[in-house]
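Numbering (the working numbering), first residue to last: -18 to 130. Quick reminder that beta carbons are idealized off the backbone N, C-alpha and C, glycines included. Computed from a predicted model, the values in this text were never measured in an experiment. Below is one structure; the comments refer to it alone.
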Amino acid sequence: MAKKFVCNGMLGKLSRLLRIIGIDSTYTNEGMGILLLARKEGRTIITCNTRLRGREGVFFLSETIPQQQLTAVVDAYNLWSEIRPFSRCVICNDELTPVAKDAVKGRVPFFTYKHFDEYAECARCKRVYWKGSHYRNMLKEVENVLARG
Ligand SMILES: [Zn+2]
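If you want it as structure tokens, here you go:
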């Protein structure tokens, strides 16, 4: 089973970076309530909250820069072979499904439709993804792990 995470507190950015590289990662702003939530969903907690430090199922981060936090998590759980950019919705964490070009006609800008043939869709929010400039910008945010992976 692939590793699943829930980030809390100050780690919204990290949670997003994990989703960009295809790792299952949600976010919550709950304090100690995160313990219950994590157990229910089978997620490992990633936190900077010292009150959670040392508890079972908690990965405590001392890094403050999101890119460094990302490397620390990928290293700690050896996720290098699980990195799959463009496989998960950056907004809601659901897995993306490839969709036919015809299916996105009228839903993406004309220029995009003309220049890209590969699309994927989030089943939950219906957001359409393609490997355009937005995608490349997202990859730049995680290039430190992509370069190593
Ligand atoms: Zn979505």
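Original post:
Does the Cβ of Trp61 have 16 or more other Cβ atoms within 10 Å, making it buried, or fewer, making it exposed?
Top reply: Within the sequence shown, numbered from 1, the residue matching residue 61 stands at position 80. Trp61 comes out exposed.
Original post:
Taking C-beta to C-beta, are Arg34 and Thr28 nearer than 9 Å?
Top reply: One-based indexing of the sequence shown puts residue 34 at position 53. One-based indexing of the sequence shown puts residue 28 at position 47. Between Arg34 and Thr28, the C-beta spacing is below 9 Å.
**OP:** Could you please go through the chain and list the residues whose beta-carbon is closer than 6 Å to any non-hydrogen atom of ligand 1?
**Re:** Any residue whose Cβ sits closer than 6 Å to a heavy atom of ligand 1 makes the list: Cys70, Ile72, Cys73, Asp75, Cys103, Arg105, Cys106 and Arg108.
**OP:** Report, in whole angstroms, the separation of the C-beta atoms of Leu77 and Glu102, which I expect to be a contact under 8 Å.
**Re:** Stepping through the sequence shown from its first residue, residue 77 is reached at position 96. Stepping through the sequence shown from its first residue, residue 102 is reached at position 121. Contact holds; Cβ gap of about 6 Å.
Subject >> Contacting residues, own chain, Cβ-Cβ under 8 Å from Leu51 (five flanking each side not counted) >> reply: The residue you call residue 51 lines up with position 70 of the sequence shown. If we look at Leu51 and ignore the five residues flanking it on each side, its Cβ neighbours are Leu(-5), Leu(-2), Leu(-1), Ile2, Val123, Asn125 and Val126.
Original post:
Who pairs with Thr9 in a beta bridge, going by DSSP?
Top reply: Numbered from 1 along the sequence shown, position 28 holds the residue referred to as residue 9. DSSP lists Asn(-11) as partners of Thr9.
Original post:
Quick one: what does DSSP say Glu37 is sitting in, helix, strand or coil?
Top reply: Numbered from its first residue, the sequence shown carries residue 37 at position 56. Glu37 falls in the coil class under three-state DSSP.
Original post:
How would you write the range of the alpha helix (DSSP H) that Leu16 sits in, first residue to last?
Top reply: Sequence index remark: in the sequence shown, residue 16 carries index 35 (1-based). Note, Leu16: alpha helix (DSSP H), Ile15 to Glu22.
Original post:
Does DSSP put Leu(-5) in a helix, in a strand, or in coil?
Top reply: Locating residue -5 in the sequence shown gives position 14, counting from the first residue. Helix.
Subject >> Nearest to Asn(-11) (by Cα), restricted to the options Met(-18), Cys73 and Phe40 >> reply: Stepping through the sequence shown from its first residue, residue -11 is reached at position 8. Cα-wise, what sits closest to Asn(-11) is Phe40.
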